[in-house]
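First comes the structure, then the notes that go with it.
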Amino acid sequence: MPQGQPSVVPNDGLTTRQRRNRPLVFVHTGIGKGKSTAAFGLALRAWNQGWPVGVFQFVKSAKWKVGEENALKVLGASGEGGTVAWHKMGEGWSWIQREPAEGEQSNEDKAREGWEQVKRDLAAETHRLYVLDEFAYPLHWGWIDTDEVIEVLRERPGTQHVVITGRNAPQQLIDFADLVTDMSKVKHPMDAGQKGQRGIEW
1 MPQGQPSVVP NDGLTTRQRR NRPLVFVHTG IGKGKSTAAF GLALRAWNQG WPVGVFQFVK
61 SAKWKVGEEN ALKVLGASGE GGTVAWHKMG EGWSWIQREP AEGEQSNEDK AREGWEQVKR
121 DLAAETHRLY VLDEFAYPLH WGWIDTDEVI EVLRERPGTQ HVVITGRNAP QQLIDFADLV
181 TDMSKVKHPM DAGQKGQRGI EW
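Okay, so the sequence shown: first residue is 1 according to our numbering, each after it adds one.
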């Protein structure tokens, strides 16, 4: 087990074990590839520890099938690790805001509905790890109030870890989170006109 040396030991009255096991908020943001992939890697570790995992996909289409979804659902049903619940909200790609068809619920309403479910699950301590995939987008667009999200996460009970992914994460969320990774892009095949491919993008 790697032994990290903290640069500062806070004077918070906690023991080393208490501090080590406190629940964390992660933010994976930036324009580079790998934000969701890293979050799903954490989900695999959580599953292996026997933790219940909740994945909430914001913005992406309910018809969009990602490879991690199938893999984690199979693992969750295997009985060998934790359970996996997978929820999809929203329509269309994360970087395109589509107009809803007549009578259809708007993307904003779907995102709010998803956030309300996350709040209910946090209050009930339904999962040990929450992956809020692409959740930074509805925060950036102002669909969901960032201050409310921070307050809910600050007051969440138990030892529930939360991972939020997506570009343009609001600064106040970055300031609040325990671990923030900014995925920068150095090169990408799409820059040279290559489209996404099976096994790499999905």
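Each residue gets a CB set at the ideal place from its N, CA and C atoms; glycine is no exception. Just so we're clear, the structure is a prediction, and the values are computed from it rather than from any experiment.
Of the listed residues the options, nearest to residue i (C-alpha basis)
i: tryptophan 143; options: Lys110, Thr165, Leu75; result: Lys110
i: glutamine 172; options: Phe40, Gln105, Asp145, Val163; result: Asp145
i: glycine 67; options: Trp86, His140, Asp182, Val8; result: Trp86
i: lysine 33; options: Asp191, Gln194, Lys185, Lys119; result: Lys185
i: aspartate 147; options: Ala77, Ile174, Glu125; result: Ile174
i: alanine 177; options: Gly79, Val8, Gly158, Thr29; result: Thr29
i: tryptophan 47; options: Val25, Arg19, Lys195, Val131; result: Val131
Buried or exposed by the 16-neighbour rule on C-beta atoms within 10 Å, applied to residue i
i: leucine 179; result: exposed
i: proline 6; result: exposed
i: methionine 89; result: buried
i: alanine 169; result: buried
i: proline 138; result: buried
i: isoleucine 31; result: exposed
i: serine 36; result: buried
i: glutamine 57; result: buried
i: asparagine 107; result: buried
i: aspartate 121; result: buried
i: proline 10; result: exposed
i: alanine 43; result: buried
i: arginine 128; result: buried
i: glycine 158; result: exposed
i: glycine 166; result: buried
Straight-line Cα distance separating residue j from residue i
i: arginine 198; j: histidine 188; result: 16 Å
i: asparagine 70; j: aspartate 133; result: 16 Å
i: threonine 15; j: proline 23; result: 15 Å
i: tryptophan 115; j: arginine 45; result: 24 Å
i: alanine 136; j: isoleucine 150; result: 12 Å
i: leucine 75; j: glycine 81; result: 7 Å
i: glutamine 160; j: glycine 13; result: 21 Å
i: alanine 181; j: alanine 38; result: Note that residue 181 corresponds to threonine in the displayed sequence, not to alanine. Cα to Cα, threonine 181 sits roughly 10 Å from alanine 38.
i: glutamate 155; j: methionine 183; result: 28 Å
i: glutamate 113; j: serine 78; result: 29 Å
i: glycine 50; j: valine 152; result: 25 Å
i: glycine 41; j: threonine 83; result: 15 Å
i: methionine 190; j: tryptophan 141; result: 25 Å
i: leucine 72; j: valine 55; result: 10 Å
i: alanine 123; j: alanine 192; result: 46 Å
i: glycine 194; j: valine 163; result: Looking at the sequence itself, residue 194 is glutamine, so the reference to glycine does not match. Rounded to whole angstroms, glutamine 194 to valine 163 spans 30 Å at the Cα level.
i: valine 25; j: isoleucine 200; result: 27 Å
i: proline 52; j: threonine 126; result: 7 Å
i: valine 8; j: valine 27; result: 21 Å
Residue i at chain B interface by Cβ criterion, 8 Å
i: asparagine 107; result: You won't find chain B in this structure, because it holds only one protein chain.
field: Whole runs of the alpha helix (DSSP H) within the segment 103-165, excluding any shorter than 4 residues
entry: If we require 4 residues or more, the alpha helix (DSSP H) runs fully inside the segment 103-165 come out as 107-124, 136-140, 146-154.
- prompt: Mind pulling the alpha helix (DSSP H) runs of 4 or more residues that sit fully within the segment 7-75?
  reply: Listed in chain order, the alpha helix (DSSP H) elements of length 4 or more contained wholly in the segment 7-75 are 16-20, 35-48.
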